[in-house]
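Each remark here refers to the structure printed beneath this line.
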Amino acid sequence: MATAQLSHSIKIHKASKETVFPSQITNEHESLIMVKKLFATSISCITYLRGLFPESSYGERHLDDLSLKILREDKKCPGSLHIIKWIQGCFDALEKRYLHMAVLTLYTNPKEPEKVTEIYQFKFKYTKEGATMDFDSSSTSFESGTNSEDIKKASVLLIRKLYILMQNLGPLPNDVILTMKLHYYNAVTPHDYQPPGFKEGVNSHFLLFEGEPVNLQVGLVSTGFHSMKVKVTTEATRVSDLENNLFQENSTTEIVHQGLDFDEEEEECNNHIQRMNFAYSQQSSESSRKKRKVSEPVKVFIPDRK
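Okay, here's the thing in C-alpha cells:
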C-alpha cells in the first residue's frame, strides 16, 4: 500500500522556562535522567521529521530557541505506542547498565528485513570519570569535568545536527517498517535478561543497502557517568547536498564507510563493506561464545503514513 510522505519541519521558538534537559548534573542519577531524555528526544526527532507519525503523536517542548516535538501516548496511533514501549525498554536496560547499543532500522520488505534503507545507532558507555564532548573526532573536543553547562551545549548541538540532517535527507520510500535491536555488554548482562517489550533476537552478521551506504557521525555527549554516541547510516545519494553544503563546510561531522559501531577494538574484525547491488555488509569473526547478546521487539511496527 503506497502512502504519501509526511513533511514536518523544525520551528524557531522564543526561549521558554520549560526545557528538555536538567539544569545540572552532579551525580549518576541526574546523569541517567539526562541520557534518557537525550535518547528519547533523538528518537522523537527522527520519527517526527521523517514523517512516521501524525502531529497528534507529539507534544511540544523547548530547547533554547528550538520548538521540539516529543513522542507521547496517542491511542489513535498504535505505532507511536510501540515506539514508546521500545524507548521504555531501553530505559530499563540503561538503568541496569546493560545496554551497549540501540539500533533503530527502517526497511521496506517484511520478507527481507536485512535489506535496510536507514540505520540509526545509539551507543552507550558507563563511566565514573570526567566528561568529554566529542563533536568531531579530528578537530573539536572539550574536556569539561562535570560542567553542566558544557554538557547541555553538547546535547543541544547534537539535537540541532540531528534535526538538520533529518530535514536534508531525501524522502523515504512510501512504505517503511521499523524495528529496534538492542545489543548488550555480555560481561554484566544476565543471559536470560530481556527488557519490557523485547524478546531474544538474532545477532545477524549482515545488513544490505541498495546503493552505496554512507555513515554520518552525528555526535557524542558524555556526562562523566554516561556517554551516548549517535551515528546515522543511509544511502549516499540521499545526502549528497548535505555532504557538500553542511558537514564538510563546517567540519563538524565525519563521514566514513564502516559497519555497525561496536567497540573500537572489535571494529577491524567485525565490520566489512562489500560494494555490490546491495552494498552494506557486516561480517563477524567472533566465536559463538563471544557473540553479543541481542534483543528485538516483541512486535515490529509497520507505519501507516497518510
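Numbered continuously in this note's numbering, the sequence shown closes out at residue 296. All residues carry an ideal CB built from backbone N, CA and C; glycine is no exception. Source: prediction; values computed, not measured.
In this structure, valine 192 sits away from valine 106, with a CB-CB distance that is not shorter than 8 Å. Histidine 181 counts as exposed, since fewer than 16 other beta carbons sit within 10 angstroms of its beta carbon.
The region 37 to 82 is shown to contain whole beta strand (DSSP E) runs of 3 or more residues at 48 to 53 and 56 to 61, in chain order. Histidine 52 and phenylalanine 43 have their C-alpha atoms roughly 20 Å apart. Contact holds between the region 109 to 116 and the region 88 to 95, because three or more Cβ pairs, one in each stretch, are under 8 Å apart. In this model, threonine 223 and proline 203 are separated by some 7 Å (Cα to Cα). Annotation: tyrosine 175 is outside any beta strand (DSSP E) and is labelled neither H nor E by DSSP. The closest CA to that of lysine 86, considering only Lys65, Gly201, Val220 and Tyr183, is found on Tyr183. Straight across, the Cα-Cα distance linking leucine 168 with leucine 147 is about 26 Å. Inter-segment contact for the region 136 to 145 and the region 57 to 73 is absent: fewer than three beta-carbon pairs are separated by less than 8 Å. Among the bridge pairs identified by DSSP, lysine 143 is matched with none. Per DSSP, the beta bridge partners of leucine 168 are Leu96 and Phe291.
Counting C-beta atoms within 10 angstroms of its own C-beta, glycine 160 has fewer than 16 neighbours from the protein chains shown and is therefore classed as exposed.
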